[in-house]
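Asks:
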Amino acid sequence: MSKKAEVATTSIACPLARTARLVGDEWILLILRELFKRPHKFDELQKASGAATNILTNRLQRMMEAGMIKKTPYQERPLRYEYKLARAGYAMLPMLLEMMRYSEDYFPSAEEAPNQLRHVDCGQLTKAGQRCSHCGGELSIHNLRMEPTKPSQAEAAASS
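Here it is as structure tokens:
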């Protein structure tokens with residue numbers, strides 16, 4: 001039985017437990033983080049998440065079965081795919097923002113976060129949550145951009 005079918009037909013009555021059964025996995029959350037930035041190829045997801053090939057393959061399959069992501073071919077020979085968020089994946093944004101906010105509030109890190117959020121409507125950096133910490137506007141997939149905290153080495157070299 002597929003994970004989606006297993007989740008859809010589970011006897012677990014609690015909606016939180018059903019959701020945790022699917023997304024309560026560090027690798028799935030890291031894959032979602034990357035796909036919220038942009039579509040990715042397998043090797044890009046592997047590099048960004050640090051997941052072993054077998055783990056990444058398994059999690060991508062689970063996410064496709066659950067309707068969170070979809071894959072589209074970008075090369076015929078050999079056949080290779082690009083992974084993108086699907087409707088159920090986009091719907092995870094509010095939960096992921098709250099998880100980020102919770103972590104920032106209760107488990108701060110001594111290290112700088114690798115990514116920052118920019119509210120496109122006002123152009124300012126914002127803390128994670130449902131509203132922009134600068135202007136108070138509602139945050140959504142349409143007006144929020146995740147960007148690296150520090151420019152990549154290639155970007156830094158290009159600007160010098």
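Counting along the sequence shown from 1, when you hit position 120 you're at 120 in full-length UniProt numbering, and nothing is skipped either side.
In this text, a Cβ means the ideal position worked out from N, Cα and C, and glycines have one as well.
L45 and E34 - do their beta-carbons sit closer together than 7 Å?
Replies: A contact, by the Cβ cut-off of 7 Å.
Asks: CA-CA distance, L61 and C135?
Replies: Note that residue 61 is Gln in the sequence shown, not Leu. Their backbone Cα atoms lie some 39 Å apart in a straight line.
Asks: Sorted by chain position, which residues of the same chain lie with C-beta nearer than 6 Å to S109's C-beta, five sequence neighbours on each side aside?
Replies: Within the same chain, S109 has no close Cβ partners at all.
Asks: Within a Cβ cutoff of 7 Å, which residues of the same chain sit near N115, ignoring the five residues on either side of it in sequence?
Replies: Closer than 7 Å at the Cβ level, and outside the excluded window around N115, lie M146, E147, P148 and T149.
Asks: With DSSP as the reference, please indicate the residues paired to T72 in a beta bridge.
Replies: DSSP output for T72 lists E82 as bridge partner(s).
Asks: Kindly indicate the opening and closing residues of the beta strand (DSSP E) around E149.
Replies: According to the sequence shown, residue 149 is Thr rather than Glu. No beta strand (DSSP E) holds T149; DSSP gives it neither H nor E.
Asks: Output the boundary residues of the alpha helix (DSSP H) element that contains Q61.
Replies: First-last of the alpha helix (DSSP H) with Q61: T53 to E65.
Asks: Rounded to the nearest angstrom, what separates N58 and A48 at their Cα positions?
Replies: C-alpha separation (whole angstroms): 16 Å.
Asks: In angstroms with no decimal places, state the Cα-to-Cα distance between K37 and C14.
Replies: Answer to the nearest angstrom: the Cα atoms are 31 Å apart.
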